[in-house]
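*Asks:*
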Amino acid sequence: MSSHSERNDRKAPSAKGRDFRSKPRKQNDFSRGQGDAKDWIWGTHAVEAALSNPRRPAPKRLLATPDRAKRLAPHLQKLACLQVMESQDIARQLPPGAVHQGLALKIDEPEALTIAELGAPAKGFLVMLDQITDPQNIGAIFRSAAAFGAKGVILQDRHAPALSGVLAKTAVGAVDKVSYARVVNLSRALEELADLGWRAVALAGEAEESLEAVLDAQPTVLVLGSEGEGVRRLVAEHCDALGKIPMPGGFESLNVSAAAAIALYEASKVRAVDEIVS
2 MSSHSERNDR
12 KAPSAKGRDF
22 RSKPRKQNDF
32 SRGQGDAKDW
42 IWGTHAVEAA
52 LSNPRRPAPK
62 RLLATPDRAK
72 RLAPHLQKLA
82 CLQVMESQDI
92 ARQLPPGAVH
102 QGLALKIDEP
112 EALTIAELGA
122 PAKGFLVMLD
132 QITDPQNIGA
142 IFRSAAAFGA
152 KGVILQDRHA
162 PALSGVLAKT
172 AVGAVDKVSY
182 ARVVNLSRAL
192 EELADLGWRA
202 VALAGEAEES
212 LEAVLDAQPT
222 VLVLGSEGEG
232 VRRLVAEHCD
242 ALGKIPMPGG
252 FESLNVSAAA
262 AIALYEASKV
272 RAVDEIVS
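Take the sequence shown: its letter number 162 is residue 163 in the working numbering, and every next letter is one higher.
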């Protein structure tokens with residue numbers, strides 16, 4: 002892969018702050034695996050994190066069992082949208098099998114950032130998801146991103162579910178602790194990030210070098226592809242390097258959320274060493 006300075010075939014640098022997001026979409030236009038979740042969030046950690054996030058709009062409905070309602074913060078107990086009801090009545094509002102733990106919240110997802118907002122200043126590491134659509138995998142990746150201190154997550158606008166339902170429950174509140182951007186075109190987003198000073202590294206099983214070998218202390222975008230196709234060719238061509246996770250046990254692949262956790266750990270190690278040295 003060529004370095005950023007060697008990419009002579011790239012388009013001219015984009016205008017500062019150029020926004021590659023699509024027009025506002027209907028809530029949960031794509032909600033694979035979420036059933037009738039729509040804009041519902043359930044579970045103690047997910048609901049509490051959503052209610053504490055200033056980037057969220059006002060809640061529409063807050064459902065709580067009598068016991069949970071007593072344990073809410075005083076200002077939440079005064080919300081006009083709070084409805085106290087029995088556990089089974091809350092369950093009827095949610096998709097089958099939703100483990101709500103006595104709390105459910107109907108609310109729109111947090112406000113997305115532009116690439117310029119997410120990428121400036123260039124520092125630390127970002128995660129970009131290329132056609133990863135499973136809500137549980139994305140939720141787990143958000144959780145790992147929060148755990149290892151990622152600056153943000155970049156999602157495709159038309160190929161990723163809303164940050165609610167199963168995704169939010171799996172993330173255990175991380176969707177409200179990690180900033181994110183939704184973009185129409187990942188390749189263009191990588192171009193803009195390169196102009197801002199970011200280096201892109203794609204995780205690929207066919208890579209010749211290990212992820213550890215290709216990571217350095219520069220601000221880095223970790224690009225992860227779907228378990229089937231991996232990172233698509235055009236997206237990979239906009240990356241500075243490909244890296245693989247060595248698997249001496251001989252197993253061919255990892256679940257993408259497990260691979261993401263390992264990649265984020267490796268990136269956080271590099272950053273930690275750099276901070277000690279500097």
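The beta carbon of each residue, even a glycine, is placed where N, CA and C say it ideally should be.
By the DSSP assignment, the beta strand (DSSP E) with residue 108 in it spans what residues?
*Replies:* Start at 1 with the first residue of the sequence shown, and residue 108 comes out as number 107. From DSSP, residue 108 is part of no beta strand (DSSP E); its letter is neither H nor E.
*Asks:* Quick check on the DSSP output: the alpha helix (DSSP H) that includes residue 187 runs from which residue to which?
*Replies:* Working through the sequence shown from its first residue, we reach residue 187 at position 186. Counting along the chain, the alpha helix (DSSP H) containing residue 187 begins and ends at 187 to 197.
*Asks:* Do residue 124 and residue 40 have their C-beta atoms within less than 8 Å of each other?
*Replies:* Locating residue 124 in the sequence shown gives position 123, counting from the first residue. Locating residue 40 in the sequence shown gives position 39, counting from the first residue. It is not a contact, given that the beta carbons lie outside the stated cut-off.
*Asks:* Assuming residue 65 and residue 52 form a contact by the criterion Cβ under 8 Å, report the distance between their Cβ atoms to the nearest whole angstrom.
*Replies:* Counted from its first residue, the sequence shown places residue 65 at position 64. Counted from its first residue, the sequence shown places residue 52 at position 51. With 8 Å as the limit, residue 65 and residue 52 do not qualify as a contact, their Cβ atoms being about 11 Å apart.
*Asks:* On the DSSP bridge assignment, give the partners of residue 131 in chain order.
*Replies:* For this step, residue 131 is matched to residue 130 along the sequence shown. Residue 131 pairs with 226.
*Asks:* Suppose you measure from the CA of residue 113 to the CA of residue 141; what does that come to, to the nearest Å?
*Replies:* Locating residue 113 in the sequence shown gives position 112, where the first residue counts as 1. Locating residue 141 in the sequence shown gives position 140, where the first residue counts as 1. Approximately 19 Å, taken between the alpha carbons.
*Asks:* Between the Cα of residue 109 and those of 169, 76, 118, 136, spot the shortest distance and give me the residue it belongs to.
*Replies:* For the purposes of this step, residue 109 is taken as the residue at position 108 of the sequence shown. When only C-alpha atoms are compared, the closest one is 169.
*Asks:* If you draw a straight line from the alpha carbon of residue 208 to that of residue 43, how long is it in whole angstroms?
*Replies:* Within the sequence shown, residue 208 is the residue found at index 207, counting from 1. Within the sequence shown, residue 43 is the residue found at index 42, counting from 1. So the alpha carbons of these two residues sit roughly 39 Å apart.
*Asks:* Specify whether the stretch 126 to 142 and the stretch 218 to 237 touch according to this definition: at least 3 beta carbon pairs, one from each stretch, less than 8 Å apart.
*Replies:* Touching, yes, given that three or more Cβ pairs across the two stretches are closer than 8 Å.
*Asks:* Please specify which runs of the alpha helix (DSSP H), each continuous and at least 4 residues long, are wholly inside the stretch 76 to 109, giving them in chain order.
*Replies:* Entirely contained in the stretch 76 to 109, the alpha helix (DSSP H) runs reaching 4 residues are, in chain order, 88 to 93.
*Asks:* Based on Cα-Cα distance, which residue from 160, 177, 174 lies nearest to residue 183?
*Replies:* As a working mapping, residue 183 is identified with position 182 in the sequence shown. If we check each option's Cα against that of residue 183, 160 comes out closest.
*Asks:* Measuring only the C-alpha atoms, how far is residue 214 from residue 122?
*Replies:* Taking the first residue of the sequence shown as 1, we reach residue 214 at position 213. Taking the first residue of the sequence shown as 1, we reach residue 122 at position 121. If you take the alpha carbons of residue 214 and residue 122, they lie about 25 Å apart.
*Asks:* Whole angstroms are fine: how far does the CA of residue 67 sit from the CA of residue 55?
*Replies:* Residue mapping note: residue 55 aligns to position 54 of the sequence shown, counting from 1. Residue mapping note: residue 67 aligns to position 66 of the sequence shown, counting from 1. Going by the C-alpha atoms only, they are around 26 Å apart.
*Asks:* Assuming residue 63 contacts residue 82 (C-beta within less than 8 Å), just tell me the rounded distance between them.
*Replies:* Taking the first residue of the sequence shown as 1, we reach residue 63 at position 62. Taking the first residue of the sequence shown as 1, we reach residue 82 at position 81. At roughly 5 Å, the Cβ-Cβ gap stays under 8 Å, so residue 63 and residue 82 are in contact.
*Asks:* Considering only the alpha carbon of each residue, which of 119, 87, 79 lies closest to residue 198?
*Replies:* Sequence index remark: in the sequence shown, residue 198 carries index 197 (1-based). Among 119, 87, 79, the Cα nearest to that of residue 198 belongs to 119.
*Asks:* Rounded to the nearest angstrom, what separates residue 149 and residue 265 at their Cα positions?
*Replies:* Indexing the sequence shown from 1 puts residue 149 at position 148. Indexing the sequence shown from 1 puts residue 265 at position 264. Each residue's alpha carbon lies about 6 Å from the other.
*Asks:* Please report the distance separating the alpha-carbon of residue 29 from that of residue 57.
*Replies:* One-based indexing of the sequence shown puts residue 29 at position 28. One-based indexing of the sequence shown puts residue 57 at position 56. Here the model assigns residue 29 a pLDDT of 38, short of 50, so the residue's position is not dependable and the matter cannot be decided.
*Asks:* Looking at the structure shown, is residue 157 part of a helix, part of a strand, or coil, going by DSSP?
*Replies:* As a working note, residue 157 is residue 156 in the sequence shown. Strand at residue 157.
*Asks:* Kindly list the residues whose CB is nearer than 8 Å to the CB of residue 70, restricted to its own chain and excluding five residues on each side of it in sequence; keep chain order.
*Replies:* Start at 1 with the first residue of the sequence shown, and residue 70 comes out as number 69. Contacts found: 78, 83, 85.
*Asks:* Measuring CA to CA, which of 248, 49, 245, 92 is closest to residue 76?
*Replies:* As a first step, residue 76 is located in the sequence shown; it is residue number 75 there, counting from the start. Here the closest residue by C-alpha is 49.
*Asks:* Going by C-alpha to C-alpha distance, which of 104, 223, 200, 247 sits closest to residue 156?
*Replies:* Reading the sequence shown from its first residue, position 155 is the one you call residue 156. The shortest C-alpha separation from residue 156 is found at 223.
*Asks:* Name, in chain order, the residues that DSSP records as bridge partners for residue 64.
*Replies:* Position 63 of the sequence shown, counted from the start, is the residue given in the question as residue 64. Per DSSP, 84, 105.
*Asks:* Just to confirm, is the Cβ distance from residue 136 to residue 166 under 8 Å?
*Replies:* Taking the first residue of the sequence shown as 1, we reach residue 136 at position 135. Taking the first residue of the sequence shown as 1, we reach residue 166 at position 165. Their beta carbons are under 8 Å apart, which means residue 136 touches residue 166 by this criterion.
*Asks:* What three-state label does DSSP hand residue 271 in the structure shown?
*Replies:* Against the sequence shown, residue 271 aligns to sequence position 270. Three-state DSSP puts residue 271 in a helix.
*Asks:* Return the CA-CA distance between residue 188 and residue 201, expressed in angstroms with no decimal places.
*Replies:* Looking up residue 188 in the sequence shown gives position 187. Looking up residue 201 in the sequence shown gives position 200. Whole-angstrom Cα-Cα distance: 11 Å.
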